[in-house]
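S.K.: In the numbering used here, the protein residues as written are 10 to 159.
A virtual CB, placed ideally from N, CA and C, is assigned to each residue, including glycine.
Just so you know, these numbers come straight off a predicted model, no measurement behind them.
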Amino acid sequence: MQPGSSAADDETLLSVGEEPKRPWGEGLRRGDTLGRYVVLERLGEGGMGIVYACYDPELNRKLAIKLLRASTGGDTRALAAEQRLLREAQAMAQLSHPNVVTVHDVGTHEGGVYVAMEFVDCVTIREWSQERARTWEEVIALFNEAGKGL
Numbered sequence: 010m011q012p013g014s015s016a017a018d019d020e021t022l023l024s025v026g027e028e029p030k031r032p033w034g035e036g037l038r039r040g041d042t043l044g045r046y047v048v049l050e051r052l053g054e055g056g057m058g059i060v061y062a063c064y065d066p067e068l069n070r071k072l073a074i075k076l077l078r079a080s081t082g083g084d085t086r087a088l089a090a091e092q093r094l095l096r097e098a099q100a101m102a103q104l105s106h107p108n109v110v111t112v113h114d115v116g117t118h119e120g121g122v123y124v125a126m127e128f129v130d131c132v133t134i135r136e137w138s139q140e141r142a143r144t145w146e147e148v149i150a151l152f153n154e155a156g157k158g159l
C-alpha cells in the first residue's frame with residue numbers, strides 16, 4: 010500500500026474481474042458464493058472451521074454450511090480432518106432423527122471441504138445456559154435430548 014492510500018484504494022487497482030486475495034481464516038463475506046450457495050452471514054467458528062448461514066437459490070431455502078479450514082500442501086492432520094468431515098457428512102446423510110440436522114450436500118471450496126445442512130434457528134448451549142440460572146432437571150433434559158441425537 011502506498012503512503013496516504015487506504016486498503017480500499019488498493020482494491021480499485023485490481024484488474025477487471027480480479028478478486029482481492031484475503032487469508033482463508035478471514036472467511037467469506039455476505040454475497041460471496043460457496044458452490045451454488047450465497048453466504049448470508051457467519052454463524053460461528055471453531056478449531057476446525059467456520060459455519061455460515063447461506064441461501065440456496067436453486068431450492069429457495071436457507072441452510073447452514075460448515076466449511077473446514079483448507080489443508081496446506083499435504084499436511085496429514087488437515088487431510089485427516091477433511092476425511093473425518095466427509096465421513097461425518099456421509100453418516101449424517103443416512104440418518105433421519107429430530108435431533109440430527111439433515112445433510113443436503115458436500116463439496117469443496119478453495120481447497121477446503123464443506124457440508125451444507127439444514128439451518129436450525131436456535132441458541133447454543135452456552136447461550137442457553139447464560140440466559141438464566143438453570144435447574145439440574147433442565148440441564149439433564151437438554152443433554153438427554155442432545156444424547157439421543159448422538
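Would you grab the beta carbon distance between Leu77 and Tyr61 for me? Rounded to a whole angstrom, and I think it's under 8 Å.
M.R.: For the purposes of this step, residue 77 is taken as residue 68 along the sequence shown, with counting starting at 1. For the purposes of this step, residue 61 is taken as residue 52 along the sequence shown, with counting starting at 1. Contact doesn't hold; Cβ gap of about 12 Å is too wide.
S.K.: Excluding five sequence neighbours on each side, which residues of the same chain lie with their C-beta closer than 7 Å to the C-beta of Gly36?
M.R.: For the purposes of this step, residue 36 is taken as the residue at position 27 of the sequence shown. Closer than 7 Å at the Cβ level, and outside the excluded window around Gly36, lie Arg51, Ile59.
S.K.: According to DSSP, simplified to helix, strand and coil, what is Thr85?
M.R.: Taking the first residue of the sequence shown as 1, we reach residue 85 at position 76. It is helical.
S.K.: Measuring only the C-alpha atoms, how far is Ala155 from Asn108?
M.R.: As a first step, residue 155 is located in the sequence shown; it is residue number 146 there, counting from the start. As a first step, residue 108 is located in the sequence shown; it is residue number 99 there, counting from the start. Answer to the nearest angstrom: the Cα atoms are 7 Å apart.
S.K.: Measuring CB atoms only, is the stretch 91 to 107 touching the stretch 120 to 130, in the sense that at least three cross pairs come out at less than 8 Å?
M.R.: A contact exists between the stretch 91 to 107 and the stretch 120 to 130.
S.K.: According to DSSP, is Val132 part of a helix, a strand, or is it coil?
M.R.: Here the question's residue 132 lines up with position 123 in the sequence shown. Three-state DSSP puts Val132 in coil, outside helix and strand.
S.K.: Specify, as a first and last residue, the run of the beta strand (DSSP E) that Glu50 falls within.
M.R.: Locating residue 50 in the sequence shown gives position 41, counting from the first residue. From DSSP, the beta strand (DSSP E) with Glu50 extends over 46 to 54.
S.K.: Pull up the CB-CB distance for Arg39 and Leu49, whole angstroms please, since I reckon it's below 8 Å.
M.R.: By one-based count along the sequence shown, residue 39 stands at place 30. By one-based count along the sequence shown, residue 49 stands at place 40. Yes, Arg39 and Leu49 are in contact; Cβ-Cβ is about 6 Å, under 8 Å.
S.K.: If you reduce the DSSP assignment to three classes, tell me which class Arg39 lands in.
M.R.: Here residue 39 refers to the residue found at position 30 of the sequence shown. In this structure, Arg39 counts as coil in the three-state DSSP scheme.
S.K.: Going by Cα to Cα distance, which pick from Leu68, Glu119, Met57 is closest to Ala245?
M.R.: No answer is possible for residue 245: it lies beyond the span of the chain, which begins at 10 and ends at 159.
S.K.: I need the straight-line Cα distance from Gln139 to Val132, nearest angstrom please.
M.R.: Within the sequence shown, residue 139 is the residue found at index 130, counting from 1. Within the sequence shown, residue 132 is the residue found at index 123, counting from 1. If I take the Cα positions, the gap works out to 11 Å.
S.K.: Of all the options Arg141, Leu43, Glu147, which has the alpha carbon lying nearest to the alpha carbon of Tyr64?
M.R.: Taking the first residue of the sequence shown as position 1, residue 64 is located at position 55. The residue with the shortest Cα to Cα distance from Tyr64 is Leu43.
S.K.: Do you know offhand how far Met101's Cα is from Lys157's?
M.R.: On the sequence shown, position 92 is the one that residue 101 refers to. On the sequence shown, position 148 is the one that residue 157 refers to. If you take the alpha carbons of Met101 and Lys157, they lie about 14 Å apart.
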